[in-house]
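Undergrad: Encoded as structure tokens, here's the structure I'll be asking about.
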Amino acid sequence: MSPQILPRWLRPTDRILEGAYPSGKPPFDPFPTVTEMTNAYLCPRAIYHYLLHGEDGAFTPHTTAEGWKAGDTFHKFVDHLKTSIAQGSLNLGSQKDDTGKLYQIWSLFMDFAANLDKREIIWSEYVKPWAENNLNDLVAMRPGHRTLFEITVSSEHIGFATEGGGNRTYPLTGRIDEIDIDNKKIIERTIKQTATCKDFQVWLLWKTLTAIPRDRYPEAWNDVDFSEFELWVETPQENFPVTKVNPDFERRAHDCYAWIHNLTFDPLAVWEAYTESFRICTLENKNADCGLSWMCFLHKQQFPLGRNEMRRKFKDMYRALLWDKMWSADLLQYKFVRRNEEELEEWGLVCRGRVIPGTSNDNAFQVTLPSAQANLISAKATDESSNFLIVFGNMSIGQRLKATLENRGQDVFSITIEDNDGFAILGDPLIATVGEDLLVFEERPTYLITGIQRNVHRLEYRGIKDELRAKEDSKIQLIEGVFGRKRIKKARS
Ligand code: SF4
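Following our numbering, the numbering of the sequence shown begins with 3 at its first residue and continues without gaps.
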């Protein structure tokens, strides 16, 4: 498909935002994530699988390093290391030479990754080369250095230049690995050796950050001008600068939005995505870095014979599930960026809490919540399926953390942050700058919809070559019974 620019991106009207009954094709375009955009940037087939089949593995191939959680550990440790320096609990300047400084970092890493079998390999392959590359910057950091990690940014109107000198706006949300306020840098990290796709990612995140209205920034950032910030992609071996004025990225962004729109609404776009993908990735010339190659180039086995019929039946279901998710997650995202906190509170979507001083302990602390919402939250907090998000900042820019809540009597709740390795909750400068308030809201379980898409889609790949074994396989037989010509008979008891 040739590059294209959509005539416009359709946002939900206020009436839809305020309570349309969700049914059928949504009368608005999606609220894309930066991950969706980078999938579309990589390959139209990757975004097709992402949107319609819940397959999010294009950037996480099944490599040994991924199996060791190397990428995750690398990211979290860098956050932990820099937070330790900013909080003053690690002073690299206390060592005279580089060997001593690296030993301090090694020692911190060994404690941090104590539960990982492969921590020595992760250290030598990823963390050590990165630390050697960035040692001077780490040594120059002082206690109180303002560096923020995992900041979610969202905007409904981000401008992208068109070739005729015009501008088209779209919505976008995503999470920034690091904003180094004092050094004026925005950084994305990867354990891969190149900056491919990550450069587009950091650029999109910066566009989103700079499109957020100024009155949504925390007060202490009044003097911060993010348009001046440098963009960087860091790999373990090298740091790559990313150009902000980038006509190619502008053009590709329009393409990505067009793919997302077309694949969401138009079944014909699937054929176009396949045609386009064959231009850039074929069986003979595969993109070895793409985690979906097993799916795109798998030779399917003969059984079940009913597979084609099953695929035909499933096809419409995938898009219906995607629309279902849009009515829930995407519409909510539009509400978050278009409405202020008071309105969101009135709608019962969020509530503002106040941290009780002196109650923080590792990854837990206590808050008071408004009496009007405390009962409802208390009831939900006892429901094991409830996942809360707490936000330091607001719904346009802030640190969103998964948490569990427990009622400690009346309006007092204890909050425990989940998966908190490497985060310093109450020591984070962002929290200091926005006061000790936080937002609490319940995360909608839209990941269940994605889970259904993925599981149903994986069923299409199940297969057996041998007919005798296929006859013994209960799942294959079930598929033959439902979608093939097999007659299902009641078993004799
Ligand atoms: S394996 Fe190739 S065709 Fe498939 S999604 Fe990845 S890049 Fe596209």
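Backbone N, C-alpha and C fix where the C-beta goes; we use that ideal spot for every residue, glycine too.
(1) Near E583, what residues of its chain come up, given a Cβ to Cβ distance below 7 Å and the 5 sequence neighbours on each side ignored?
(2) Going by beta-carbon coordinates alone, are V442 and R354 separated by less than 9 Å?
(3) So, for Q303: in the same chain, excluding its five sequence neighbours on each side, which residues have a beta-carbon less than 6 Å away from its beta-carbon?
(4) Under the three-state reduction of DSSP, which class applies to K302: helix, strand or coil?
(5) Would you mind sorting G486 into buried or exposed? The rule is 16 or more other CB atoms within 10 Å of its CB.
(6) Inspect the beta-carbon positions of L207 and R254 and report whether they are closer than 9 Å.
(7) Going by DSSP in three states, G176 sits in which element: helix, strand or coil?
(8) In terms of alpha-carbon separation, which member of K246, T149, T245, A260 lies closest to L12?
(9) Is the number of C-beta pairs between the stretch 53 to 69 and the stretch 286 to 303 that are closer than 8 Å three or more?
(10) Heavy atom of ligand 1 less than 8 Å from the Cβ of S295, yes or no?
(11) Are the stretch 190 to 197 and the stretch 210 to 221 touching, with three or more C-beta to C-beta distances below 8 Å?
(12) Measuring only from the beta carbon, is C258 closer than 8 Å to any heavy atom that is part of ligand 1?
(13) Just the C-alpha distance for E127 and I87, rounded to the nearest angstrom, thanks.
(14) How about L44: is its Cβ closer than 8 Å to a heavy atom in ligand 1?
(15) I want to check one thing, is the minimum distance from the CB of H77 to the heavy atoms of ligand 1 below 8 Å?
(16) Between which two residues does the alpha helix (DSSP H) holding A1 run?
(17) Would you identify the three-state DSSP class for D430, choosing helix, strand or coil?
(18) Since L403 sits in a beta bridge, which residues does DSSP pair it with?
(19) Between which residues of its own chain and T15 is the CB-CB distance below 7 Å, once the five residues before and five after are set aside?
(20) Are the CB atoms of S157 and S398 nearer to each other than 9 Å?
(21) Can you tell me whether W273 is buried or exposed, with buried defined as 16 or more other CB within 10 angstroms of its CB?
(22) Let me know the secondary structure DSSP gives I358 once reduced to three states.
(23) Quick check for students: name the residue ranges of the alpha helix (DSSP H) that lie wholly in the stretch 185 to 241, counting only runs of 4 or more.
(24) Near V436, what residues of its chain come up, given a Cβ to Cβ distance below 7 Å and the 5 sequence neighbours on each side ignored?
TA: Put simply:
(1) A query on residue 583 cannot be resolved here, the shown segment of the chain reaching from 3 to 495 and no further.
(2) Locating residue 442 in the sequence shown gives position 440, where the first residue counts as 1. Locating residue 354 in the sequence shown gives position 352, where the first residue counts as 1. By the CB criterion at 9 Å, V442 and R354 fall inside the cutoff.
(3) In the sequence shown, the residue the question calls residue 303 occupies position 301. Within the same chain, Cβ atoms closer than 6 Å to the Cβ of Q303 are found at G465, I466, K467, the five residues on either side in sequence being excluded.
(4) Within the sequence shown, residue 302 is the residue found at index 300, counting from 1. Correct three-state label for K302: coil.
(5) Within the sequence shown, numbered from 1, the residue matching residue 486 stands at position 484. G486 should be labelled buried.
(6) Translated into positions along the sequence shown, residue 207 becomes position 205. Translated into positions along the sequence shown, residue 254 becomes position 252. With contacts defined as CB atoms closer than 9 Å, L207 and R254 fail to qualify as a contacting pair.
(7) On the sequence shown, residue 176 is found 174 positions in, with the first residue counted as 1. In the structure shown, G176 falls within a strand segment according to DSSP collapsed to helix, strand and coil.
(8) The count along the sequence shown starts at 1 and reaches residue 12 at position 10. Taking only the C-alpha atoms, the option nearest L12 is A260.
(9) Yes, the stretch 53 to 69 is in contact with the stretch 286 to 303.
(10) For the purposes of this step, residue 295 is taken as residue 293 along the sequence shown, with counting starting at 1. Yes, ligand 1 has a heavy atom inside 8 Å of this Cβ.
(11) Contact between the stretch 190 to 197 and the stretch 210 to 221 is absent, because fewer than three Cβ pairs lie under 8 Å.
(12) Residue mapping note: residue 258 aligns to position 256 of the sequence shown, counting from 1. No, the Cβ of C258 stays beyond 8 Å of every heavy atom of ligand 1.
(13) Looking up residue 127 in the sequence shown gives position 125. Looking up residue 87 in the sequence shown gives position 85. One C-alpha to the other measures close to 23 Å.
(14) On the sequence shown, position 42 is the one that residue 44 refers to. L44: yes, Cβ under 8 Å from ligand 1.
(15) Within the sequence shown, numbered from 1, the residue matching residue 77 stands at position 75. Checking every heavy atom of ligand 1 against the Cβ of H77, none is found closer than 8 Å.
(16) Nothing in the structure corresponds to residue 1, since the chain is present only between 3 and 495.
(17) Translated into the one-based positions of the sequence shown, residue 430 becomes position 428. Confidence at D430 is low in this model, with a pLDDT of 37, below 50, so the placement of that residue should be treated as unreliable; the coordinate-derived value is given next. Looking at D430 - three-state DSSP - the assignment turns out to be coil, as it is neither helix nor strand.
(18) Reading the sequence shown from its first residue, position 401 is the one you call residue 403. Paired residues: I392.
(19) Counted from its first residue, the sequence shown places residue 15 at position 13. Here the set comprises nothing.
(20) Residue 157 sits at position 155 when you count from the first residue of the sequence shown. Residue 398 sits at position 396 when you count from the first residue of the sequence shown. Contact check for S157 against S398 passes: the beta carbons are separated by less than 9 Å.
(21) Locating residue 273 in the sequence shown gives position 271, where the first residue counts as 1. Exposed, by the Cβ-count rule.
(22) On the sequence shown, residue 358 is found 356 positions in, with the first residue counted as 1. Looking at I358 - three-state DSSP - the assignment turns out to be coil, as it is neither helix nor strand.
(23) Runs of the alpha helix (DSSP H) inside the stretch 185 to 241: 200 to 213.
(24) Taking the first residue of the sequence shown as position 1, residue 436 is located at position 434. Interpretation of V436 is limited by its pLDDT of 37, a score under 50 that renders its predicted location unreliable; no figure is taken from the coordinates.
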